[in-house]
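Residue numbers for the sequence shown, in this note's numbering: 1 to 185.
For each residue, glycine too, the CB sits at the ideal point set by N, CA and C.
Values in this document were obtained by computation on a predicted structure and should not be read as measured data.
What follows is a short report on a single structure.
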Amino acid sequence: MKLCIFCSSNWQIDPDFFTRAEELGRWAAKKGHTIVFGGHDAGLMHAVSKAAHDAGGRVIGVVPRKIEEMGKLSPYLDVHIPTEDLSDRKDLMLLQGDAFIVLPGGIGTLDELFTVASAATLDYHSKPVILYNMKGFWDSLIACLDDLHVKGVTRKQWRSYIQVAASLHEVEELLFPLTPVKPQP
């Protein structure tokens, strides 16, 4: 499975987020999944890609030209897909990813989250979109989305196209729900 990761490219954030991003990268590699990400060499992007790469996993970077011009290209790419801009990057990530996992991040991460969630609301895809709520990072966004639903401005309950996980175990359960075994006659 190609797991598309949206997350921060900043270093000045909670150290526990780096630990959990690394855990996600190692887990993905161990399970044979590919990491697809924005190709930046900093922050949580760096942590998840390096961990996956170092654990023998495959890493695909979908990289806008500006990141390359700034000299910020990740050294942990097995596949480098250059793009002209952020819009192209999001389009290609939507095509590349089989599932989307949203780690802590800022405006860019929110943009990516809402791009894939909006596409799901219009049935452009039915891929899992998981908000990885590390240490309650996304609690205020969850409250905002709940409020939007109460106010009637969302088509249906937002949780029908964005799922929330508080741990890697919950991420895994959302990606690979247990299928009940049917008893043999």
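Under a Cβ-count criterion, where at least 16 other Cβ atoms within 10 Å of its own Cβ denotes burial, should residue i be classed as buried or exposed?
i: His169; result: exposed
i: Pro177; result: exposed
i: Ala99; result: buried
i: Trp11; result: exposed
i: Val79; result: exposed
i: Ala29; result: buried
i: Val63; result: buried
i: Ser74; result: buried
i: Met134; result: buried
i: Phe137; result: buried
i: Ile162; result: buried
i: Leu95; result: exposed
Grouping DSSP H, G and I as helix and E and B as strand, with all else coil, what is residue i?
i: Leu165; result: A small fix is needed here, since residue 165 is Ala in this sequence, not Leu. Three-state result, Ala165: strand.
i: Ile142; result: helix
i: Arg77; result: This sequence places Leu at residue 77; Arg is not what is there. In the structure shown, Leu77 sits in coil (DSSP, three-state: anything other than H, G, I, E or B).
i: Lys135; result: helix
i: Thr19; result: helix
i: Val153; result: coil
Can the beta-carbon of residue i be found less than 8 Å from the beta-carbon of residue j?
i: Phe18; j: Ala47; result: yes
i: Cys7; j: Thr83; result: no
i: Gly38; j: Met45; result: yes
i: Ser126; j: Ala117; result: no
Leaving out five residues before and five after residue i in sequence, what residues of the same chain have Cβ atoms less than 6 Å from its Cβ?
i: Cys4; result: Val36, Met93, Gly97, Phe100
i: Val59; result: Ile35, Ser49, Ala52, His53, Tyr76, Leu77, Asp78
i: Ile13; result: none
Within the same chain, show all residues whose beta-carbon is closer than 8 Å to that of residue i, passing over the 5 residues directly before and after it, in chain order.
i: Leu131; result: Val102, Leu113, Trp138, Leu141, Ile142, Ile162, Gln163, Val164, Ala165
i: Gln157; result: His149
Enumerate, from N- to C-terminal direction, the unbroken beta strand (DSSP E) stretches of 3 or more residues contained entirely within the region 91–123.
99–102
Whole runs of the alpha helix (DSSP H) within the region 23–74, excluding any shorter than 4 residues
43–54, 65–69
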